[in-house]
Every structure is written in structure tokens, then in C-alpha cells.
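**Student:** Below you will find the structure I want to go over with you.
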Amino acid sequence: MSSLSLLDRQLINRFQGGVDLSDRPFQQMARLVDSDESEVMEAVQRLLDDGWLSRFGPLYNAERLGGSLALAAMAVPEAVFDDVVEQVNALPEVAHNYRRDHWLNMWFVLATDSNESMASIISHIEGITSLRVYAFPKQEEFYLGLWFEIGEDGGFTTRSIPAGTSCGSHHLDQLDRRIIAETQAGLPVSHDPCEQVAERVGCWPSEVIERMNGMQEKGVIRRTGLVPNHYRLGFRGNGMTVWNIPDEQLREAGLRLGSLDYVSHCYSRPRHLPDWPYNLFAMVHGRDRDDVKEKLIEMGQVLKPYHQGHEVLFSSAVLKKTGMRLNL
Numbered sequence: 018m019s020s021l022s023l024l025d026r027q028l029i030n031r032f033q034g035g036v037d038l039s040d041r042p043f044q045q046m047a048r049l050v051d052s053d054e055s056e057v058m059e060a061v062q063r064l065l066d067d068g069w070l071s072r073f074g075p076l077y078n079a080e081r082l083g084g085s086l087a088l089a090a091m092a093v094p095e096a097v098f099d100d101v102v103e104q105v106n107a108l109p110e111v112a113h114n115y116r117r118d119h120w121l122n123m124w125f126v127l128a129t130d131s132n133e134s135m136a137s138i139i140s141h142i143e144g145i146t147s148l149r150v151y152a153f154p155k156q157e158e159f160y161l162g163l164w165f166e167i168g169e170d171g172g173f174t175t176r177s178i179p180a181g182t183s184c185g186s187h188h189l190d191q192l193d194r195r196i197i198a199e200t201q202a203g204l205p206v207s208h209d210p211c212e213q214v215a216e217r218v219g220c221w222p223s224e225v226i227e228r229m230n231g232m233q234e235k236g237v238i239r240r241t242g243l244v245p246n247h248y249r250l251g252f253r254g255n256g257m258t259v260w261n262i263p264d265e266q267l268r269e270a271g272l273r274l275g276s277l278d279y280v281s282h283c284y285s286r287p288r289h290l291p292d293w294p295y296n297l298f299a300m301v302h303g304r305d306r307d308d309v310k311e312k313l314i315e316m317g318q319v320l321k322p323y324h325q326g327h328e329v330l331f332s333s334a335v336l337k338k339t340g341m342r343l344n345l
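Heads up, the sequence shown is in this note's numbering, so the first residue is 18 and it goes up one at a time.
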């Protein structure tokens with residue numbers, strides 16, 4: 018953490034929860050951290066180049082876009098593991114891919130533009146690998162978001178990002194779709210990021226801002242901000258905890274887990290009996306595996322009235338990590 022300046026820490030701590038989208042967003046950020054626009058832009062670009070940030074831009078909600086998102090897993094024999102990694106990672110529908118210490122040792126996220134496309138890509142993966150794909154589409158979201166805060170001493174804490182609000186439905190027209198396609202990988206670091214987007218999609222910068230702010234109000238965009246790379250920040254212990262909860266108690270259990278300040282994702286997902294009895298998934302981040310195991314004890318106490326078994330699957334390698342890409 019010693020390579021992060023005071024300004025670096027201020028930017029990461031303050032703006033991962035969201036940035037007001039305007040024609041000069043870095044100017045607004047600079048005012049809030051007592052700096053100037055050029056210095057903030059240089060710092061953000063350096064944080065991106067050095068891997069402290071994954072990107073700067075909007076976080077889209079795939080379901081609100083009309084797309085389909087699913088977690089998927091495979092049991093890959095060690096003899097062909099590297100070959101299967103190449104096959105899976107070559108697919109643009111695969112956003113994240115992790116190796117985990119479990120008999121289901123490959124876990125990846127699939128993003129497609131429809132449920133039909135999701136079924137097709139799963140079938141395709143099974144065909145090219147000759148392996149079964151266990152699909153775990155999200156059934157209910159209990160929590161999504163985690164604030165990684167860095168202290169002056171280089172230590173860190175985590176806390177929840179307040180959930181955004183959304184109201185009503187939002188019809189996406191062709192301009193919306195062009196804006197989404199242009200920005201889902203991130204926004205450029207420039208004095209007026211939306212000006213560059215506008216040039217590429219064929220409209221005025223003010224219209225890009227208006228459209229993106231409208232999508233955020235409707236929940237199509239969760240937030241726009243700096244996206245930290247938690248691995249680079251020192252969160253080496255990353256465990257996906259899975260729980261077997263009676264269906265009638267699932268929502269209460271999910272809300273309880275989602276309220277813990279070290280849980281970044283908490284969803285209900287389908288079981289795959291008899292192989293997989295778990296229906297509640299919660300992602301936990303810590304300094305190391307021992308840190309996560311301590312948190313797991315607390316989680317077990319929180320869920321003591323409910324759970325009928327659990328496991329924690331630690332990630333041992335990042336096989337692929339890109340932003341979600343939907344072909345709209």
C-alpha cells in the first residue's frame with residue numbers, strides 16, 4: 018500500500034461508491050478532495066495503468082438491460098484443465114473465470130443478451146469441452162456491493178455500499194443501446210468523457226449525460242464510479258460461501274447474510290441435486306484465508322437457525338477477468 022499517495026487513497030475511498038456524471042466529472046471530483054482536475058485525471062489514469070483500479074465507468078445491471086447473467090461451474094480433469102481454460106476464456110460471453118479449490122474447480126460468469134442465448138452458449142461449452150456445465154442463474158438478489166476503504170497506514174476495512182434506487186421500467190432505444198455498447202467497458206479518462214462517447218455514438222454530449230443519468234435512475238446503471246481491483250488492494254482471501262437453506266427460510270437468511278459488511282454479493286441460486294444441495298451464495302473478501310474463515314464462523318452463527326450445511330470455495334487463480342459485455 019506504500020505506493021499509493023494520499024490523493025490515490027482519497028479517490029479510491031471516496032468515488033468507488035459513485036461519481037456524479039456531468040460534462041466535467043473529474044473537476045467535480047477534484048473539488049471534493051481539494052485537488053485540481055488535471056492532477057485527479059493523472060492519478061486515475063495511473064491507478065488504472067498500475068492495476069489498482071479495474072476501470073472507471075458505469076456498472077450495468079444485466080437483468081435491467083434485458084440480458085441474462087449466470088454463474089456456471091465445471092469439474093475439469095487436471096489433465097485437460099489448461100485446454101479447457103483456453104476454450105472457455107476465448108468466448109466473449111465469459112466475463113470472469115476463477116479456479117476454485119473444490120471438485121467443481123472452474124467457476125465463470127456468463128453474460129448474454131437473452132435466456133435463449135444463455136441456453137445456447139451453455140450447450141456450446143458442453144459440446145466443445147465434453148464436460149457438464151452446472152448453471153446457477155441468480156434467482157433473487159439480496160445484496161450487491163462492497164466498499165474497500167484504505168487507511169493511512171495501508172490497512173483496509175470493508176463496508177456496504179448503499180443500494181441504489183430504481184423506479185419504473187425503462188425502454189431502451191437504439192441510442193441507449195449504442196451508449197451502453199460504447200461505455201460498458203468503461204469511460205475514457207478525459208476532461209469530458211461523454212464528449213468522446215457522443216462522437217462515437219452520434220449525438221450531443223449533453224444527451225449522453227441525460228441518457229446515462231436516466232438509466233441510473235431506472236436501475237439500468239447501478240452506479241458510475243471507480244472500480245477497485247480488490248486483489249491488487251491486498252484482499253487475497255476471497256471465498257465463495259454456499260449454504261443449504263430450507264426454501265421457506267431462504268429470503269430471511271439471504272437478507273441476514275447480505276447485511277454483513279464483508280459480504281460483497283449475496284444471491285439465491287438453484288440447487289443441482291444430488292450433486293449440489295446449496296441454494297444461497299455469499300461472496301466474502303478478507304486479507305487471507307484465515308481472515309475469511311473467521312468471518313465464516315460469524316456467518317454460521319447468523320444463519321444458525323436456518324442452514325443445514327455449508328462450504329467455502331476459495332479462489333486459487335484468476336483465469337479471466339473482464340467487464341461484462343452484452344451484444345445489444
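Cβ atoms here follow ideal geometry from the backbone N, Cα and C, with glycine treated the same way. None of the values given here were measured: they were computed from a predicted structure.
To which residues of the same chain is R288 closer than 7 Å at the C-beta, ignoring the five residues directly before and after it?
**Tutor:** Excluding sequence neighbours, R288 sits near P294, Y295 and N296.
**Student:** Leaving out five residues before and five after G326 in sequence, what residues of the same chain have Cβ atoms less than 7 Å from its Cβ?
**Tutor:** These residues qualify, in order along the chain: N261 and P294.
**Student:** Excluding the 5 residues flanking R249 on each side, which residues of the same chain have their C-beta closer than 6 Å to its C-beta?
**Tutor:** If we look at R249 and ignore the five residues flanking it on each side, its Cβ neighbours are G68 and W69.
**Student:** With distance defined between alpha-carbon atoms, name the residue in A87, Q201 and L49 nearest to M135.
**Tutor:** Taking only the C-alpha atoms, the option nearest M135 is A87.
**Student:** Can you grab the Cα-Cα spacing for the pair F298 / M58, in whole Å?
**Tutor:** For F298 and M58, the distance between alpha carbons rounds to 37 Å.
**Student:** Can you check which of these residues, M91, M232, E56 and R31, is closest to H188 by C-alpha distance?
**Tutor:** Measuring from the Cα of H188, the nearest candidate turns out to be M232.
**Student:** Distance check for S71 and V102, CA to CA, integer angstroms please.
**Tutor:** Roughly 22 Å between the two C-alpha positions.
**Student:** Quick check on the burial criterion: 16 or more other C-beta atoms within 10 angstroms. Buried or exposed for K321?
**Tutor:** Looking at its Cβ environment, which holds fewer than 16 other Cβ atoms inside 10 Å, K321 is exposed.
**Student:** Pick out whichever of V244, M229, G317 and E212 has its Cα sitting closest to the Cα of T258.
**Tutor:** Of the listed residues, the one whose Cα sits closest to T258 is G317.
**Student:** By DSSP, does R48 sit in helix, in strand, or in coil?
**Tutor:** In the structure shown, R48 sits in a helix (DSSP, three-state: H, G or I).
**Student:** Would you tell me roughly how many angstroms separate the C-alpha atoms of L313 and G242, rounded to the nearest one?
**Tutor:** Roughly 30 Å separates the two Cα atoms.
**Student:** By DSSP, does S333 sit in helix, in strand, or in coil?
**Tutor:** If DSSP states are grouped into helix, strand and coil, S333 belongs with the strands.
**Student:** Give me, in chain order, the residues of the same chain whose beta-carbon lies closer than 6 Å to that of K338; leave out the 5 immediate sequence neighbours on both sides.
**Tutor:** Taken in chain order, the residues that qualify are H113.
**Student:** In three-state DSSP terms, what is F208?
**Tutor:** The residue asked about is misnamed: residue 208 is His in this sequence, not Phe. Looking at H208 - three-state DSSP - the assignment turns out to be coil, as it is neither helix nor strand.
**Student:** Spatial neighbours of R253 within its chain, please: CB distance less than 6 Å, with the 5 preceding and 5 following residues excluded, ordered by chain position.
**Tutor:** Cβ neighbours of R253 beyond the five flanking positions: D305.
**Student:** Specify the secondary structure class of A198 as computed by DSSP and reduced to three states.
**Tutor:** Looking at A198 - three-state DSSP - the assignment turns out to be helix.
**Student:** Mind checking who T129 pairs with in its DSSP beta bridge?
**Tutor:** In DSSP, T129 forms a bridge with S85.
**Student:** Over the uninterrupted alpha helix (DSSP H) stretch that includes V301, give me the two end residues.
**Tutor:** Taken as a continuous stretch (DSSP letters only), V301 belongs to no alpha helix (DSSP H), being part of the beta strand (DSSP E) at L297 to G303.
**Student:** Rounded to a whole number of angstroms, what is the C-alpha to C-alpha distance between N132 and D308?
**Tutor:** Rounded to the nearest angstrom, the two C-alpha atoms are 38 Å apart.
**Student:** At which residue ranges does the stretch 247 to 281 contain complete beta strand (DSSP E) runs of 3 or more residues, listed in the order of the chain?
**Tutor:** Here the runs fully enclosed are 254 to 260.
**Student:** Between the Cα of V335 and those of D292, N255 and E110, spot the shortest distance and give me the residue it belongs to.
**Tutor:** It is N255 whose Cα lies nearest to the Cα of V335.
**Student:** On the DSSP letters alone, give me the boundaries of the beta strand (DSSP E) that V309 sits inside.
**Tutor:** Not the beta strand (DSSP E): V309 falls in the alpha helix (DSSP H), residues R306 to V319.
**Student:** Mind checking whether F159 and L274 have CB atoms under 8 Å apart?
**Tutor:** Contact: yes.
**Student:** Have a look at M123 and R117 and give me their C-alpha separation to the nearest angstrom.
**Tutor:** Straight-line Cα distance between these residues: approximately 6 Å.
**Student:** Considering Cα atoms alone, identify which of I167, G219 and I196 is closest to Q27.
**Tutor:** Cα-wise, what sits closest to Q27 is I167.
**Student:** Reducing DSSP to helix, strand and coil, say where P42 ends up.
**Tutor:** P42: helix per DSSP, three-state reduction.
**Student:** Does the beta-carbon distance from M300 to V319 come in below 8 Å?
**Tutor:** The answer is no: Cβ separation not under 8 Å.
**Student:** Can V150 and A89 be called in contact, C-beta distance under 8 Å?
**Tutor:** For V150 and A89, yes; Cβs fall inside 8 Å.
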